[in-house]
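Colleague:
There are 2 protein chains.
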Amino acid sequence: MARRRRVGNLLALAVLSALVERPMHPYEMAGVLRARGKDQDMPIKWGSLYTVVANLERHGLLAAVQSDRQGRRPERTVYRITEAGRDELVDWTRELIAVPEREHPRFEAGLSVLGVLGPDEATELLRQRLDRLETQLADARAALARHGREIPRLFLVEAEYDLAVRQAEATWVRGLLDELTTGSLPGLTEWRAWHETGAVPPDWAELAERGTEQQ
Amino acid sequence: MARRRRVGNLLALAVLSALVERPMHPYEMAGVLRARGKDQDMPIKWGSLYTVVANLERHGLLAAVQSDRQGRRPERTVYRITEAGRDELVDWTRELIAVPEREHPRFEAGLSVLGVLGPDEATELLRQRLDRLETQLADARAALARHGREIPRLFLVEAEYDLAVRQAEATWVRGLLDELTTGSLPGLTEWRAWHETGAVPPDWAELAERGTEQQ
DNA sequence: ACCCGATTACTCGCAGACGAGCATACGCCG
DNA sequence: CGGCGTATGCTCGTCTGCGAGTAATCGGGT
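The listed protein sequences derive, respectively, from chains A and B. For the first sequence, our numbering gives the first residue as 827, with consecutive numbering after it. For the second sequence, our numbering gives the first residue as 827, with consecutive numbering after it.
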């Protein structure tokens, strides 16, 4: 599935989507993308812009139109999107929408090593996360309401999605915190003992050696 | 905040967490991590293992213990975690748990350029996504139930989190699909006209030029 | 009229990441 | 007991991402 993209950086997707409307030079793309808040929707690093544009051109997805020069500035090359570029944009979008990729939020990585902390510290840190999350959610909700008055829904779906997912995260964290504070999480006692004494609880010891059979 | 990690690859986190228990050589780490399903929780590329271990050693987070040799194989270096490594592991975990980072799921990027497709194609693709998502969710639920019988909850929280978040995604997609199929999404008519004729709807035209004021 | 800080527009070097490839060992079948 | 397919264990070259740095220009204060 998902044949590897010739230019894989998502900044390239944003660039293509901007050039669909009209040709631009790189810095103008940056302006337009920033104005549309695309840097909120993707992990965009502006330092990569010129590299990405060059790569797109190299693969025939963009073509240089003209170079003009103002004053003693370096000349600015204006690019237009090619047919191949249009195809790539559409195909890539189709894939991003239709195929759910397993994502790997950093929080998940953190949770998977939660055992290195003690239960009390874990509880405290999760509470901090929840606090911050709720602040961010309130901000996001306000921003969405504000934009909703001037921008068509179609261009806000990604923000709505983001909000929904983060809301679910907050709910889940609240649930876990609840189990931790009421003590209803199974294995809490073993976890605490393990962390305080350093000794692996007897019922867990055997698991730890799972998949370790080597000569 | 979040001072840059000396070794930023999350594979390094996994390596540190494995070496907390006992010293190992790299290939053994791979076996243990795989057995624990850590490659499910993080974007692990095994091709990076030796690079990452070398970097960890370079920064004093690991130390070589011994090199033994079996047959004519290349010698295998056994590494142990250092005090600095232990500190890094704990500090990194704390950060991952307590500080919610703005993540950028690829789906969000896709949604932000949804306009390049027409509403009918978008609907069809979203339906495909929902189908696949539901299959994956069923699998994940089954796997979680199976593991739940032998592994303590503590080591399954990351899978539970993942499930909860993806469930929220499915719900959200279902909601959007609903608005699309019933036609209740505002601007649907404009969107369709725009896509069929290529002409930007009058009420949207002005927005498109937003943030474009350049000489 | 001139200076200085901010903004604009771009460049470059370095550090990783990672996939493909390779060499050794093992197991199984004839 | 020899040959071959598969698993093991590791290396290396390439490619790209990106942050820090820089040069030109603008603006506005005195």
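Note that the Cβ used here is the ideal one computed from N, Cα and C, for glycine as well.
1. Taking Cβ-Cβ distances shorter than 8 Å, what residues in chain B pair up with residue 916/A?
2. Identify, in the order they occur along the chain, each residue of the same chain with its Cβ nearer than 8 Å to the Cβ of residue 949/B, setting aside the five sequence neighbours on each side.
3. Relative to the C-alpha of residue 1031/A, which candidate in 907/B, 936/B, 976/B has its C-alpha closest?
4. With respect to the beta strand (DSSP E) encompassing residue 923/B, which residues constitute its N-terminal and C-terminal limits?
5. Out of 925/A, 908/A, 841/A, which one is the CA nearest neighbour of residue 995/B?
6. From residue 1000/A to residue 959/B, what distance separates their C-alpha atoms?
7. Just how far apart, CA to CA, sit residue 827/A and residue 921/A?
8. Which word fits residue 946/B, buried or exposed, when buried means at least 16 other C-beta atoms lie within 10 angstroms of its C-beta?
9. Listing by chain order, which chain B residues have their CB less than 9 Å from the CB of residue 987/A?
10. Nearest chain B C-beta to residue 1028/A closer than 8 Å, yes or no?
11. Starting from the C-beta of residue 790/A, find all residues in its chain whose C-beta is less than 6 Å away, skip the five residues before and the five after it, and write them out in chain order.
12. Looking at the strands, I want to know which residues DSSP matches up with residue 890/A.
13. Roughly how many angstroms lie between the CA atoms of residue 1021/A and residue 833/B, to the nearest whole one?
14. Determine contact between the stretch 856 to 875 of chain A and the stretch 928 to 937 of chain B, defined as no fewer than three beta-carbon pairs at a distance below 8 Å.
15. DSSP on residue 868/A, reduced to helix/strand/coil?
16. Are the stretch 960 to 980 of chain B and the stretch 869 to 879 of chain A touching by the rule of at least three beta carbon pairs closer than 8 Å?
17. What residue range is occupied by the uninterrupted alpha helix (DSSP H) comprising residue 933/A?
18. Examine the Cβ distances between the stretch 837 to 848 of chain B and the stretch 904 to 912 of chain A and report whether three or more of them are shorter than 8 Å.
19. What's the C-alpha gap between residue 1041/A and residue 855/B?
20. Using a Cβ-Cβ cutoff of less than 7 Å, which residues in the same chain neighbour residue 1023/B once the five nearest sequence positions on both sides are dropped?
21. In its own chain, which residues sit with a C-beta less than 7 Å from the C-beta of residue 993/B, not counting the 5 before and 5 after it?
22. Cα separation between residue 918/A and residue 979/B?
23. Taking residue 792/A and residue 904/A to be in contact with their CB atoms under 8 Å, please state how far apart those CB atoms are, rounded to whole angstroms.
24. Let's see if you can read the secondary structure: which residues bound the alpha helix (DSSP H) around residue 843/B?
25. Whose Cβ in chain B lies nearer than 7 Å to the Cβ of residue 1013/A?
26. Could you round the C-beta distance between residue 943/B and residue 1026/A to whole angstroms and report it? I think they count as a contact, below 8 Å.
27. For residue 868/B, go through chain A and note every residue whose CB falls closer than 9 Å to its CB, in chain order.
28. Along the stretch 837 to 858 of chain A, where does the CB come closer than 8 Å to a CB of chain B? Name the residues.
29. Under the rule that 16 or more other beta-carbon atoms within 10 Å means buried, what is residue 843/A, buried or exposed?
30. Is there a Cβ from chain A that is less than 8 Å from the Cβ of residue 991/B?
Modeller: In short, the structure shows the following:
1. Within the first sequence, the letter at position 90 stands for residue 916/A. Going along chain B in sequence order, the residues near residue 916/A (Cβ under 8 Å) are 942, 943.
2. Residue numbering aside, residue 949/B sits at position 123 when the second sequence is read from its first letter. Excluding positions up to five away in sequence, the list reads 1003, 1006, 1007.
3. Start at 1 with the first residue of the first sequence, and residue 1031/A comes out as number 205. The candidate whose alpha carbon is nearest that of residue 1031/A is 976/B.
4. Reading the second sequence from its first residue, position 97 is the one you call residue 923/B. Counted as a single uninterrupted DSSP element, the stretch harbouring residue 923/B is not any beta strand (DSSP E) but the alpha helix (DSSP H) occupying residues 909 to 924.
5. In the second sequence, counting from the first residue as 1, residue 995/B sits at position 169. Residue 925/A is the option with its Cα nearest to residue 995/B.
6. For this step, residue 1000/A is matched to residue 174 along the first sequence. For this step, residue 959/B is matched to residue 133 along the second sequence. Those two C-alpha atoms are separated by around 25 Å.
7. Counted from its first residue, the first sequence places residue 827/A at position 1. Counted from its first residue, the first sequence places residue 921/A at position 95. With a pLDDT of 44 at residue 827/A, under the threshold of 50, the predicted position of this residue should be treated as unreliable, though the coordinate-derived value follows. Near 9 Å, if we compare the C-alpha coordinates of residue 921/A and residue 827/A.
8. For the purposes of this step, residue 946/B is taken as residue 120 along the second sequence, with counting starting at 1. Looking at its Cβ environment, which holds fewer than 16 other Cβ atoms inside 10 Å, residue 946/B is exposed.
9. Residue numbering aside, residue 987/A sits at position 161 when the first sequence is read from its first letter. By Cβ distance, chain B contributes 931, 933, 934, 937, 995, 998, 999, 1002.
10. As a working note, residue 1028/A is residue 202 in the first sequence. Not an interface residue.
11. Residue 790/A lies beyond the residue range present for chain A, which begins at 827 and ends at 1041; the question has no answer from this structure.
12. On the first sequence, position 64 is the one that residue 890/A refers to. DSSP lists 905/A as partners of residue 890/A.
13. On the first sequence, position 195 is the one that residue 1021/A refers to. On the second sequence, position 7 is the one that residue 833/B refers to. Near 26 Å, if we compare the C-alpha coordinates of residue 833/B and residue 1021/A.
14. Taking one beta carbon from each stretch, the stretch 856 to 875 of chain A and the stretch 928 to 937 of chain B have 3 or more pairs nearer than 8 Å; the two touch.
15. The residue labelled residue 868/A in the question sits at position 42 within the first sequence. Coil at residue 868/A, not helix or strand.
16. Under the 8 Å Cβ criterion, the stretch 960 to 980 of chain B does not count as touching the stretch 869 to 879 of chain A, having fewer than three qualifying pairs.
17. On the first sequence, position 107 is the one that residue 933/A refers to. Residues 932 to 938.
18. With a cut-off of 8 Å on Cβ pairs, the stretch 837 to 848 of chain B is not in contact with the stretch 904 to 912 of chain A, counting fewer than three such pairs.
19. To locate residue 1041/A, count along the first sequence from 1; it is residue 215. To locate residue 855/B, count along the second sequence from 1; it is residue 29. With a pLDDT of 36 at residue 1041/A, under the threshold of 50, the modelled position of that residue is not reliable, and no figure is offered here.
20. Mapped onto the second sequence, residue 1023/B falls at position 197. Counting only Cβ-Cβ distances below 7 Å, and skipping sequence neighbours, we find nothing.
21. If you number the second sequence from 1, residue 993/B lands on position 167. Closer than 7 Å at the Cβ level, and outside the excluded window around residue 993/B, lie 963.
22. In the first sequence, the residue the question calls residue 918/A occupies position 92. In the second sequence, the residue the question calls residue 979/B occupies position 153. Between residue 918/A and residue 979/B, the C-alpha separation is close to 39 Å.
23. Only positions 827 to 1041 of chain A appear in this structure, which leaves residue 792/A out of reach.
24. In the second sequence, the residue the question calls residue 843/B occupies position 17. First-last of the alpha helix (DSSP H) with residue 843/B: 836 to 845.
25. By one-based count along the first sequence, residue 1013/A stands at place 187. Result: 978, 979, 980.
26. As a first step, residue 943/B must be located in the second sequence, where it is residue number 117. As a first step, residue 1026/A must be located in the first sequence, where it is residue number 200. Not confirmed; about 53 Å, so no contact.
27. On the second sequence, position 42 is the one that residue 868/B refers to. Near residue 868/B (Cβ distances below 9 Å), the residues of chain A are 930, 932, 934, 935, 938.
28. Using a CB distance below 8 Å, the part of the stretch 837 to 858 of chain A facing chain B consists of 839, 840, 843, 846, 847, 854, 857, 858, ordered along the chain.
29. By one-based count along the first sequence, residue 843/A stands at place 17. When all chains shown are included, residue 843/A counts as buried.
30. Counted from its first residue, the second sequence places residue 991/B at position 165. Yes, contact with chain A.
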